[in-house]
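Engineer: Sharing a structure, written as structure tokens. Questions coming.
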Amino acid sequence: MSTQSPITLAVANQKGGVAKTTSVASIGAALAELGHRVLLVDLDPQACLTFSLGIDPEDLDVSVHHVLTQGVDPVEVIIETEDGVDVLPATIELARAEADLLTRTGREHVIKGALEQLAEDLGDEAYDWVLLDCPPSLGVLTVAALTAADGVLVPLQCETLSHRGVGQLLDTVHDVRRFTNRGLEVWGVLPTLYDGRTNHARTVLETISETYDLEVVEPPIPKTIKFAEAPAAGRSILATSRSNKGAQAYREVAKNLVERAARPKAKKAAKKKPATKAAAARTAAR
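Residues 1 to 286, numbered by UniProt numbering, are exactly what the sequence shown covers, in order.
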């Protein structure tokens with residue numbers, strides 16, 4: 001399957017433990033099942049995505065760190081996985097990238113530049129989807145990921161405390177829109193670790209949309225022990241427990257994201273700037 005240019009989706013939430021990495025691996029595998037060419041980019045120094053796809057970070061000589069800080073060609077670093085997706089892996093070295101990039105001019109565009117170079121190198125074999133697994137922070141790497149992305153998806157655990165910090169993330173998205181990526185869109189919140197048996201989870205799910213004025217990407221991802229078992233096998237839940245309710249939920253989410261990607265971009269109404277005295281004088285003089 002091919003598209004004109006890859007759809008780049010950043011999966012971000014600075015709070016840990018919200019199934020962010022699980023969502024990237026599972027959505028990626030589900031998109032691959034639908035016939036899409038998918039690249040997953042591990043931007044977390046903990047390298048959980050890399051490990052969960054059956055790759056030992058300690059065995060790697062090159063990683064995304066070298067792509068972003070030393071200009072290594074991504075094609076030399078990408079690894080194929082058994083789940084039908086490719087991954088740009090991470091190692092603990094990525095923890096140094098924040099410091100390495102901090103003083104670099106154009107640091108916000110370092111991921112965007114690498115992905116554009118990759119698409120150019122691959123030509124007709126370019127990826128249909130690139131999913132960016134952001135670190136649990138709002139630092140340089142997350143801002144660079146948002147700068148490279150067409151959209152951002154926010155995994156959110158269905159518990160009240162997990163809401164803290166979402167406002168900060170949306171403030172960062174707003175800043176990125178202003179300064180480095182005017183086309184960035186928030187695709188919505190993905191409810192994770194959902195236990196429909198509890199009133200609390202159902203109430204939180206119902207209020208997410210109102211609280212943040214965001215779309216809720218459905219269906220909610222149910223809480224299941226199978227998610228914890230999958231990384232030990234080095235595969236996604238779609239491979240280890242194909243008929244599990246969690247795997248089925250991610251398949252539905254992937255289909256909904258494909259539909260979302262086909263949607264025309266929302267046109268923002270142009271805000272009329274208040275005329276300054278100088279501008280008013282110039283107009284009057286004409």
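Note that the Cβ used here is the ideal one computed from N, Cα and C, for glycine as well.
Computed from a predicted model, the values in this text were never measured in an experiment.
Among D128, Q46, V216, T81, whose alpha-carbon lies nearest the alpha-carbon of V258?
Structural biologist: Relative to the Cα of V258, the nearest Cα in the group D128, Q46, V216, T81 belongs to D128.
Engineer: Among R251, K265, R260, P264, which residue has its Cα nearest to the Cα of G35?
Structural biologist: R251
Engineer: Short of 6 Å in beta carbon distance, which residues of its chain neighbour Q157, apart from the five on each side in sequence? Order them along the chain.
Structural biologist: V18, T192, L193
Engineer: DSSP on S127, reduced to helix/strand/coil?
Structural biologist: Correcting the residue identity first, residue 127 is Tyr in this sequence and not Ser. Y127: coil per DSSP, three-state reduction.
Engineer: Work out the CA separation of A254 and A30 for me, nearest whole Å.
Structural biologist: 6 Å
Engineer: Between which residues of its own chain and V75 is the CB-CB distance below 8 Å, once the five residues before and five after are set aside?
Structural biologist: Excluding positions up to five away in sequence, the list reads L118, D121, L122.
Engineer: Just verifying my parser: in three-state terms, what is the DSSP assignment at Q157?
Structural biologist: strand
Engineer: Which residue marks the beginning of the alpha helix (DSSP H) containing T50, and which one marks its end?
Structural biologist: Its alpha helix (DSSP H) spans residues 48 to 52.
Engineer: Could you check whether the stretch 126 to 143 touches the stretch 35 to 54, counting it as contact only if at least three pairs of C-beta atoms, one from each stretch, sit closer than 8 Å?
Structural biologist: The stretch 126 to 143, when compared against the stretch 35 to 54, does touch it at the 8 Å Cβ threshold.
Engineer: For the beta strand (DSSP E) holding V41, just list the boundary residues, first then last.
Structural biologist: 38 to 42
Engineer: Decide if the stretch 49 to 59 is in contact with the stretch 230 to 240; the criterion is three or more beta carbon pairs, one per stretch, under 8 Å apart.
Structural biologist: yes
Engineer: Rounded to whole angstroms, what is the Cα-Cα separation between Q46 and L88?
Structural biologist: 14 Å
Engineer: Can you name the residues that DSSP bridges to T198?
Structural biologist: In DSSP, T198 forms no bridge with anything.
Engineer: Relative to the C-alpha of E159, which candidate in T105, D42, K223, I92 has its C-alpha closest?
Structural biologist: K223
Engineer: E215 to N13, Cα distance in whole Å?
Structural biologist: 16 Å
Engineer: Can you tell me which residues form a DSSP beta bridge with I79?
Structural biologist: Partner residues in the beta bridge of I79, as assigned by DSSP, are V87.
Engineer: Express the C-alpha separation of G151 and G188 in angstroms, rounding to a whole number.
Structural biologist: 9 Å
Engineer: Please report the residue range of the beta strand (DSSP E) in which A149 lies.
Structural biologist: No beta strand (DSSP E) holds A149; DSSP gives it neither H nor E.
Engineer: How should P264 be labelled, buried or exposed, when 16 other C-beta atoms within 10 angstroms of its C-beta is the threshold for buried?
Structural biologist: exposed
Engineer: Between which residues of its own chain and V110 is the CB-CB distance below 7 Å, once the five residues before and five after are set aside?
Structural biologist: L68, L101, A144
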